[in-house]
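Residue numbers (our numbering), protein chains in the order written: chain S, 412 to 632; chain F, 412 to 632. Backbone N, C-alpha and C fix where the C-beta goes; we use that ideal spot for every residue, glycine too. Comments concern the structure below.
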DNA sequence: CTGAAACAGTACCGGAGGTACAGTATTCCG
DNA sequence: CGGAATACTGTACCTCCGGTACTGTTTCAG
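The following block contains the structure:
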């Protein structure tokens, strides 16, 4: 029972890395079992077919990703009571997490599946859609919270701003792969952070131009 | 000779659609030839193997994409002499082009290849990298040109801002696929446009008689 | 008329996904 | 302590597909 879970986890880890590097169809079961040190029978004991492997792999990925976001957002709130500052800190932390991977970011399984959608069943595709929606809704809620205290400087739809974070992360992962430069992800998250700063940070417009009245900008790095 | 090019083009079109929907490995030659109405011999007359198909397909895609960007940027310059206004117009046009596809955007072949990189040889991967670099450099040049007349309101690296456009487009294509909502691409390009507007648009408060005291970057860190 | 271009036809190989079981070692639980 | 579930191994087999290697056959331009 305990040992079975361990093998199962090893298979999922190897499979995920292979899928992110070669795609789902090009990920051969024979290669997975060779690397995991098991036989084909062992593989099919844990997963009835390749589709079930994809399904469980995706669930695992979504959970892991949720934990990362939860952690980053929670740590942001611990470090500042102001919702804008907390989110800016969270984005900085997210940028750091993204760049702290030794061999570069392995890739986003959601993006990977979207580019091979015809290979997967509705159940898998629905799970990808629901997880993307959940992330977008979460970011949207954060933005609403910020706007209560910091009026936005552009009448842009917050849904689009919320979506933009996922888009920038996924897009920068692709660019980091294309150019073989892991730092692109961190820099893009920081670029999005600049956007948030510009969108919400109050301008000294109304205030009297005193030399030290740099307002919020002084505290925002 | 003429007929051969036509068949070749048909194969490439069918193959590209299949690769973007199912991935490269899952795209079977037998399916391509069935849809194209030719035999396997006919296919291998035009392409010596699947890898050559990928290589020519990618070249074709990069050329087509370059044409789209050229067109959009040129039309922007025709409609305004101000570099900022011209770029904002170009972005609006780009957003429209992206949403004007009947069945949603079929996907970015570069992104698709990046998520299956281990399936392709160095030649293909180098071509993806060089085309991404070319796009980034082009956007970077536009930003430099804008900055000559419109000082940026945030000391962000222009390389990152230039990268961001590609990232947002690629990321939003993924989101549009994940959520089955083609409008996301257009909205994300427009969100990036808001960022450009916020970054370069002059604020009335900054207008001070002395030229060197207009350092916006000094107040908004 | 001829020869190159543009295919079609046929046959075959190897690898991979998947099925079907039969057997075995380990471990947990009563 | 013993049976039963758990966690596999081993073997055999089937089908599909990418790819190779040929030998025709049709079309059309020079």
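- Restricting attention to F:612, F:584, F:425 and F:426, the CA atom closest to the CA of residue 506 (chain F) is found in F:584.
- Here residue 432 (chain S) is not near residue 544 (chain F), since their CB atoms are 8 Å or more apart.
- For residue 496 (chain S), the secondary structure class from DSSP, reduced to helix, strand or coil, is helix.
- One Cα belongs to residue 485 (chain F), the other to residue 575 (chain S), and the distance between them is close to 26 Å.
- If the five residues before and after residue 421 (chain F) are omitted, its C-beta is found closer than 8 Å to the C-beta atoms of 447, all from its own chain and listed in chain order.
- Within the stretch 521–536 of chain F, those residues whose Cβ lies closer than 7 Å to any Cβ of chain S are, in chain order, 521, 522, 523, 525, 526, 527, 528, 529 and 530.
- Scanning S:580, S:489 and S:550 for the CA closest to the CA of residue 517 (chain S) turns up S:580.
- Shown here, residue 426 (chain S) sits in a helix according to DSSP, grouped into three states.
- As for any alpha helix (DSSP H) of minimum length 4 sitting wholly inside the stretch 534–568 of chain F, there is none.
- Within the model, the alpha-carbon separation for residue 502 (chain F) versus residue 460 (chain F) is close to 39 Å.
- Assignment of residue 456 (chain F) by DSSP, reduced to helix, strand and coil, places it in the helix class.
- Nearest CB-CB separation between residue 507 (chain F) and chain S: not below the 8 Å threshold.
- The Cβ atoms of residue 495 (chain S) and residue 557 (chain S) sit closer than 8 Å to each other.
- In this structure residue 464 (chain F) is buried. Its beta-carbon is surrounded by 16 or more other beta-carbon atoms within 10 angstroms.
- With respect to chain S, the C-beta atom of residue 599 (chain F) has a partner C-beta closer than 8 Å.
- Scanning its chain for C-beta atoms nearer than 7 Å, with the 5 sequence neighbours on each side dropped, one finds around residue 510 (chain F) the residues 593, 594, 596 and 597, in chain order.
- Within 8 Å of the CB of residue 590 (chain F), the CB atoms of chain S belong to 540, 543 and 544, in sequence order along the chain.
- Remark: C-beta atoms of residue 546 (chain F) and residue 587 (chain F) do not approach each other more closely than 8 Å.
- Under the three-state reduction of DSSP output, residue 466 (chain S) falls in the helix class.
- In this structure, residue 525 (chain S) lies away from residue 430 (chain S), with their beta-carbon atoms at least 8 Å apart.
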